[in-house]
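In full-length UniProt numbering, the protein residues as written are 1 to 111.
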């Protein structure tokens, strides 16, 4: 397991564990793909186990999987969870590799 590629806040870890329990999975995959308003889009999904070549980070009892291509866009990022309010909420990715983000926070323009 490799530390410090991506970090997870305690609030995010609690929510991720709830979702994984419902889904019956053991890991959270964070990835980047083309799309969204700013060129690249974040993705999160649960999985049972790491894939070939994945980096595995464990923090607050959550295993995070990152594929080799996504690592260069996500190194140093933090996954947080904002409690829902009247304006919504959910997972937020604070990414030092983003030059700009769209209003929804789901896509970004890399540096």
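Cβ coordinates follow ideal geometry from the N, Cα and C atoms, glycine included.
When secondary structure is reduced to three states using DSSP, residue 75 falls in the coil class, being assigned neither helix nor strand.
Ranked by Cα distance from residue 56, the first of 93, 33, 28, 24 is 28.
In this structure the region 13 to 27 lies against the region 57 to 66, because at least three pairs of beta carbons, one per stretch, are closer than 8 Å. The straight-line gap separating the alpha-carbon atoms of residue 33 and residue 89 is approximately 22 Å. Each residue's CA atom was taken as its position, placing residue 67 and residue 20 some 19 Å apart. Check the Cα spacing between residue 46 and each of 75, 74, 15: the tightest is with 15.
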